[in-house]
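Chemist: Take this structure first; my questions come after.
Residue numbers (the numbering used here): 130 to 311.
Below, the structure is given as structure tokens:
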């Protein structure tokens, strides 16, 4: 039995084959804060997790990327990304009609400085069977959650700003609507 274990261990180590057939939809990570000024240590940075170990890319961005959802194609090419406030194309520009998703009081107070507050509150997925479209799922906090809860007879204590009611929303994104950039 011990010889069989040793044989299986050696066999798997010697004949280890890397499989590259998986989709590469998560090959890109977008990080950073505007503006891309090396003297101030701010700016956009894109890390590509490809087999050739490409160096990081630095770019000018408006995306405040504390929590970013990213979509790449099955070959690892960046298609679009969002910080929950805007949707950006592969050239790091705001997409047509993607300038104010989840717009409201919270968007106005936070999106230009820290992005939409919260963690994991937006997600971009490829549309099944159609590589030219995607669906962006996001949460928009209610602008008047206090009024909603008072109508339910619930007493509210505010300690700064509390986000209590979340609306689950979605939008369809035409990835190639404006040429190949999105």
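Where a beta carbon is used, it is the ideal one built from N, C-alpha and C, also for glycine. Note that the structure is a prediction, hence the values are computed from the model and not measured.
How do the region 246 to 257 and the region 217 to 225 stand: do at least 3 beta-carbon pairs fall below 8 Å, yes or no?
Modeler: Touching, no.
Chemist: Which residues mark the beginning and the end of the beta strand (DSSP E) in which residue 188 is found?
Modeler: Start and end: 186 to 188.
Chemist: Assign residue 215 to buried or exposed, taking buried as 16 or more other Cβ atoms, counted over all protein chains shown, within 10 Å of its Cβ.
Modeler: The residue in question, residue 215, is buried, as its Cβ has 16 or more Cβ neighbours within 10 Å.
Chemist: To the nearest angstrom, how far is the alpha carbon of residue 270 from that of residue 209?
Modeler: Residue 270 and residue 209: Cα-Cα distance of roughly 23 Å.
Chemist: Measure the Cβ-Cβ separation of residue 230 and residue 261 and say whether it is below 9 Å.
Modeler: No, these two residues do not count as a Cβ contact at 9 Å.
Chemist: Using only the alpha-carbon positions, how far apart do residue 185 and residue 192 sit?
Modeler: Taking the straight line from one Cα to the other gives about 17 Å.
Chemist: Do you know how far the Cα of residue 263 is from the Cα of residue 158?
Modeler: Computed Cα separation, rounded: 18 Å.
Chemist: Whole alpha helix (DSSP H) runs in the region 218 to 282 with 4 or more residues, listed along the chain?
Modeler: Counting only runs of 4 or more, we get 234 to 239, 274 to 280.
Chemist: What are the partner residues of residue 302, as DSSP defines its beta bridges?
Modeler: In the DSSP output, where bridge partners are listed per residue, residue 302 has 263.
Chemist: Just reading off the beta strand (DSSP E) that residue 209 is part of, what are its end residues?
Modeler: From DSSP, the beta strand (DSSP E) with residue 209 extends over 207 to 211.
Chemist: Could you check the C-alpha separation between residue 232 and residue 183 for me, to the nearest Å?
Modeler: Going by the C-alpha atoms only, they are around 36 Å apart.
Chemist: Could you tell me which of 238, 198, 245 sits nearest to residue 217, measuring between CA atoms?
Modeler: Considering only alpha carbons, the answer is 198.
Chemist: By DSSP, does residue 182 sit in helix, in strand, or in coil?
Modeler: Note: residue 182 maps to coil in three-state DSSP.
Chemist: Have a look at residue 244 and residue 190 and give me their C-alpha separation to the nearest angstrom.
Modeler: Going from the Cα of residue 244 to the Cα of residue 190 covers about 13 Å.
Chemist: With residue 134 as the anchor, note down where its alpha helix (DSSP H) starts and where it stops.
Modeler: 131 to 143 is the extent of the alpha helix (DSSP H) around residue 134.
Chemist: On the CB-based measure, 16 or more other CB atoms within 10 Å of its CB, does residue 143 come out buried or exposed?
Modeler: Exposed, since its Cβ has fewer than 16 Cβ neighbours within 10 Å.
Chemist: Taking the beta strand (DSSP E) that residue 198 belongs to, which residues open and close that run?
Modeler: Looking at the DSSP string, the run of the beta strand (DSSP E) that includes residue 198 is 198 to 201.
Chemist: Just confirm the distance between the C-beta atoms of residue 156 and residue 172, as a whole number of angstroms; I'd bet it's less than 8 Å.
Modeler: Not a contact, Cβ separation roughly 21 Å.
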